[in-house]
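Taking it in order: structure first as structure tokens, then the write-up.
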Amino acid sequence: MSQAPNHLSGSDPETGAFNQIGANGSSPVSKPAAGRSKIYALMASGTLVSRVLGFVRTALLAVAIGSVTSIADIFEKANVIPTIIYMLLAGGVFNVILIPQLIKASKANDRGSSYTSKLVTLTIVVMGALTVLLTIAARPIIIGLTNNWSDEMITLGTSFAYWSLPQVFFYGLYAVLGQVLNAHGRFAAFMWAPAVNNLLQLVVIGSFIWMFSAYSHGDPMDQWNGLKTVWLAGGATLGIVLQALVLLWPLRKLGLNLHFDFSWRGIGLRHVGKLALWTIAAMMIGNIASLLYSKIVSGATAARTSLDPQAAASVAGEYALNTSQLITVLPHSLFALTVATVLFNDFTKAFTDNRREDIGGLLNRGMRSTAIPIVFATVAFIVLAGPLGRLFAGHSQYAVAAACALGQLLVLTALGLPFKSLQFFMLRVFFADEDTRTPMLIQTTIAMVGLVSATLAAMLVDPLHIAAAIALIYGATNVLSAVVTHYLVKRRYGDYGVISVIDTYVRIGWMATLSGLAGALTLALLGGLTFGFAYDSVFSALVTIAVVSVVMASVYFFLLHRTKVPELEGFAGPIIRRIPGLRRK
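All residue numbers for the sequence shown refer to our numbering, where the first residue is 298 and numbers rise by one.
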């Protein structure tokens, strides 16, 4: 419940192992290709399982407290703040600085036991102190990050924050223990630990529904009490605690004999920190921007209270906006992040061997390789926006209105998905060249453009529609980011065959569009355009999504196969060769 998408920073506790690659200029894996493939598959599977469980958790939470309600937005605000503050204060340090130091220390005679003990001790002390200070300042933080909230909302948000802010400490502990494991080649636990957290959240939210019943109508704040606050927010924090503590078992198996060591002088973080200054600055800018975006969107929560329940259910707020990002970022996490992780090694080796002329071809290959899943996912999100919204709209009598509000955000957020992935590939080139300054400048520029646009939207757009305006800004800044990064990559490293990349996306885009038309027709037959079967319940929405997805995927891959799209072989060749009737002759 606390892994809110971070639009600008590109950082996420669940994908930290991917994001650290390129951030620190080194790969965490230095094994043969076959071994690397297995490791990446294990990492990706951990992300996939965690994301799927996260989707179930999000859908269940909407059943418990609604998706377009004051409680949903207030809880989202308090529960997301620890994630963003953690990434703002320490995420860059952990992901950027620790791995090189830990790998170096692991080669010592004691396998890094002494250094790791100092580092873990330092993390516990610093993160503990920060967490205490942040928790004490819970009310000012809530006030500072909200817009036009009533005293009742501020008070409830503060109560949620008191129980949520301790997550900052355990996020820090999870990060440092995970990086210790990564430095010693143990990647699985770090990537799978969030799945343990999500499983616990399912138990917490399920028991909450069993104890207090599902949200059905009206404003849930009218019947809220302290026990519900503790159950929901305390349970969320307990999940992060467990996510960190499960790493102690594989850590113990390393046999490092860790202990508290307060002799921190000469630990060497200052030197490495200077090298990583630009990356840390970029992460700070991105996360500060995320906090400001959330402040602007919170205006919808206050504006909703003046409407009748039916009208209020159609006003998307922070919870709905974050949910739309959580859904649409999945293809990027599964495909672009994974491929870029593998490709980063090739970029790095090309620079090391002084083969700069190979960079363009590698980049071209990477960008084209993910076109098939990313473009299809974009069209699928647009076609299925309504049923997907219903899936995450809860169980109340206003669920259809909430589904429409969330579906609108899904469409707007999905529009920028291909550009988000394309820019991610281009940024890997700079990181492989050990240039962290250029990505920081790009991110700063885009953050400023986005925040100026969001500020103007807050002044010109009715607060009832501010979430949609911010979602549109997200998509527009993804496009702008890709264009700016393309220009800088081409100027420094030469042409990478951008015309062929555009051609690939246009050709595949036509196939995806045709499959989308087939999907839209199927959706219409299932009542997706008339608020029929597709919107009757969460189950009917799930059935609709499954049926339409199968139809779209079948048409899509048939068209790709018949037109002999070359990218298909690399993406799905092994699967296609096993399907009778589709084997290439």
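Built from N, CA and C at the ideal position, the CB exists for glycine as well.
- Mind pulling the alpha helix (DSSP H) runs of 4 or more residues that sit fully within the segment 820-862? 835-859
- Closest by CA to ALA486, which one among ALA405, GLU654, GLY686, TYR471? TYR471
- Item | Proximity below 9 Å, CB of GLY816 to CB of LEU681 | yes
- Task: Tell whether a beta-carbon distance below 9 Å holds between ALA375 and GLY691.
- Result: no
- Item | Identity of the residue in GLU731, MET808, LEU712, ALA702 nearest ALA765 by Cα | ALA702
- Query: For PRO491, which option in TRP521, VAL543, GLY532 has the closest C-alpha, if you only look at C-alpha atoms?
  - Reply: VAL543
- Measuring alpha carbon to alpha carbon, tell me which of THR432, LEU442, GLU449, ILE438 ends up nearest PRO463. THR432
- Message: Considering Cα atoms alone, identify which of ASP759, SER560, SER347, MET508 is closest to SER414.
- Response: SER560
- Message: At the level of alpha carbons, what is the spacing between VAL326 and ASN406?
- Response: Because the pLDDT of VAL326 is 41, which lies under 50, any placement of that residue in the model is unreliable, and the number read from its coordinates should be weighed accordingly. The alpha-carbon atoms of VAL326 and ASN406 are separated by roughly 21 Å.
- Query: Which of helix, strand or coil does DSSP assign to TYR512?
  - Reply: coil
- Provide the residue span of the alpha helix (DSSP H) that contains GLN540, from first to last. 532-542
- Message: Between which residues of its own chain and GLY425 is the CB-CB distance below 7 Å, once the five residues before and five after are set aside?
- Response: PHE466
- Message: Taking the beta carbon of ILE371 as the centre, do at least 16 other beta carbons fall within 10 Å, making it buried, or is it exposed?
- Response: buried
- Item | Span of the alpha helix (DSSP H), counted from its first residue to its last, around ARG662 | 656-666
- Query: By how many angstroms is the C-alpha of TRP807 removed from the C-alpha of VAL798?
  - Reply: 14 Å
- Express the C-alpha separation of ALA637 and PHE673 in angstroms, rounding to a whole number. 19 Å
- Message: Taking contact to mean 3 or more Cβ pairs, one atom from each stretch, closer than 8 Å, check whether the segment 633-652 and the segment 826-844 are in contact.
- Response: no
- Item | Proximity of LEU712 and ALA613 at Cβ, strictly below 9 Å | no
- Hey, THR620 and SER364 are a contact pair by Cβ (cut 8 Å); roughly how many whole angstroms apart? 7 Å
- Message: According to DSSP, simplified to helix, strand and coil, what is ASP800?
- Response: helix
- Query: Ends of the alpha helix (DSSP H) at ARG788?
  - Reply: 763-790
- Item | Residues near ASP558 by beta carbon distance below 8 Å, same chain, minus five either side | SER411, SER414, LYS415, THR418
- Query: How is PRO606 classed by DSSP in three states: helix, strand or coil?
  - Reply: helix
- For ILE382, is the classification buried or exposed, using 16 other Cβ atoms within 10 angstroms of its Cβ as the cut-off for buried? buried
- Query: From ALA599 to SER447, what distance separates their C-alpha atoms?
  - Reply: 7 Å
- Query: Would you say VAL501 and GLY536 are within 9 Å of each other, going by their C-beta atoms?
  - Reply: yes
- Separation of ILE451 from ARG436, as counted between CA atoms: 7 Å
- Item | Distance, LEU555 Cα to GLY772 Cα | 46 Å
- Item | Spatial distance of SER718 from ASP519 (CA atoms) | 43 Å
- Task: Can you have a look at ARG601 and say buried or exposed, based on whether 16 or more other CB atoms are within 10 angstroms of its CB?
- Result: buried
- Is the segment 773-780 touching the segment 734-748, taking contact as three or more C-beta pairs under 8 Å? yes
- CB-CB length for HIS514 against GLN720, believed under 8 Å: HIS514 to GLN720, Cβ: 43 Å. No contact.
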